[in-house]
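Residues in the sequence shown are numbered from 1 upward in steps of one, following full-length UniProt numbering.
Glycine included, C-beta positions come from ideal geometry on N, C-alpha and C.
Okay, structure first, notes after.
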Amino acid sequence: MDIQPETPWDGTPDISARIVTAIARIGTVLRAGMWEVSTAEGLNPAQAEILQLLQHRTRGVRLTWLARQLSISAASTSDSVAALVSKGLVRKARADDDGRATALHLTPAGEGVAARLGHALSFADTAAGALPQAQQVQLLTGLFKLIAQLQKTERFPELRACLSCRHFEPNKYPGQPVPHHCGLVDAPLPISFLRIDCAEHEPTDPASQRRNWESFA
Numbered sequence: 001m002d003i004q005p006e007t008p009w010d011g012t013p014d015i016s017a018r019i020v021t022a023i024a025r026i027g028t029v030l031r032a033g034m035w036e037v038s039t040a041e042g043l044n045p046a047q048a049e050i051l052q053l054l055q056h057r058t059r060g061v062r063l064t065w066l067a068r069q070l071s072i073s074a075a076s077t078s079d080s081v082a083a084l085v086s087k088g089l090v091r092k093a094r095a096d097d098d099g100r101a102t103a104l105h106l107t108p109a110g111e112g113v114a115a116r117l118g119h120a121l122s123f124a125d126t127a128a129g130a131l132p133q134a135q136q137v138q139l140l141t142g143l144f145k146l147i148a149q150l151q152k153t154e155r156f157p158e159l160r161a162c163l164s165c166r167h168f169e170p171n172k173y174p175g176q177p178v179p180h181h182c183g184l185v186d187a188p189l190p191i192s193f194l195r196i197d198c199a200e201h202e203p204t205d206p207a208s209q210r211r212n213w214e215s216f217a
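Structure below.
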């Protein structure tokens, strides 16, 4: 049997593994930055994330939705929400679409804390902004494609992203440099303007969402 000689790169993990490692390391740094600010506000990480998830959601959200976003149990989410209510940062109200259900909203004090939390990762925003514009667009495109693949695992939480919005019109201008369209503002939608979390987001039907994400992948 022929024995192939070793090369200096034989022990190098696959590119996919190194991508996941890089994202995980970045995530660790971001969590540390958020932990520093949330601790100063007297919050734990879950409570801080809940405030951020409630920000700009004027219609309020359900407890079950929060639990899915946080990937924790409804009981643990309920405990965190109860703590935020006691701190005067979150209030409960009847849901607009179902008077028997409860929706969660930020109080004015909660809005202020959420705004301060939003500045916790400004160092990362600065780092990303230091990349050349073309690399930023390329990186954003790659992240959307990775999210599209993760959507297939059914482990990725719901997003208020352009690709899952009823205003998103994919490939309305095929073959053009800007192929997509936003019906809300009635204008072509460049890749560089695709949003992960949009306050004006209105969910489209599940079939259209799957089709949009699959076409982007």
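Asked                                                                                                                       : Found
Spatial distance of Thr-77 from Gln-138 (CA atoms)                                                                          : 36 Å
Alpha helix (DSSP H) segment containing Arg-31, residue limits                                                              : 15 to 40
Contact under 7 Å by Cβ, Gly-183 with Glu-202                                                                               : no
Three-state secondary structure assigned by DSSP to Thr-107                                                                 : coil
Close beta carbons around Ala-95, own chain, < 6 Å, minus the five adjacent residues each side                              : Ala-101, Ala-103
Delimiting residues of the alpha helix (DSSP H) encompassing Val-85                                                         : 74 to 86
Nearest neighbour of Thr-58, chosen from Leu-84, Lys-87, Val-85, Arg-91 [CA to CA]                                          : Arg-91
Beta-carbon gap between Leu-30 and Leu-143 smaller than 7 Å                                                                 : no
Span separating the alpha-carbon of Thr-39 from that of Asn-171                                                             : 45 Å
Neighbourhood of Gln-55 by C-beta distance below 6 Å, restricted to the same chain and skipping five residues each side     : Ala-114
Cβ distance (whole Å) where Arg-160 is taken to contact Asp-125 below 8 Å                                                   : That pair is no contact at about 19 Å.
Local Cβ density within 10 Å of Val-81, reported as buried at 16 or more and exposed below that                             : buried
Cut-off 6 Å between Cβ atoms - residues of its own chain near Val-166, not counting five sequence neighbours on either side : Correcting the residue type first, residue 166 is Arg in the shown sequence and not Val. Here the set comprises Glu-202, Thr-204.
Pro-145 - containing beta strand (DSSP E), residue span                                                                     : Contrary to the premise, residue 145 reads as Lys rather than Pro in this sequence. Careful: Lys-145 lies outside any beta strand (DSSP E), inside the alpha helix (DSSP H) at 133 to 151.
Those residues which DSSP pairs with Cys-162 across a bridge                                                                : Paired residue(s): none; Cys-162 is not in a bridge.
Length of the line joining the Cα atoms of Met-1 and Ile-147                                                                : At Met-1 the pLDDT is 49, less than 50, meaning the model places this residue with poor confidence and gives no usable figure here.
Outcome for Gln-47 when other beta-carbon atoms lying within 10 angstroms are tallied against a minimum of 16               : buried
Cβ-based burial, Ile-50 [other Cβ within 10 Å; buried from 16]                                                              : buried
Where Leu-121 falls: helix, strand or coil (DSSP)                                                                           : coil
Pairwise C-alpha distance: His-105 and Gln-136                                                                              : 33 Å
Alpha-carbon spacing of His-119 relative to Gly-33, whole angstroms                                                         : 10 Å
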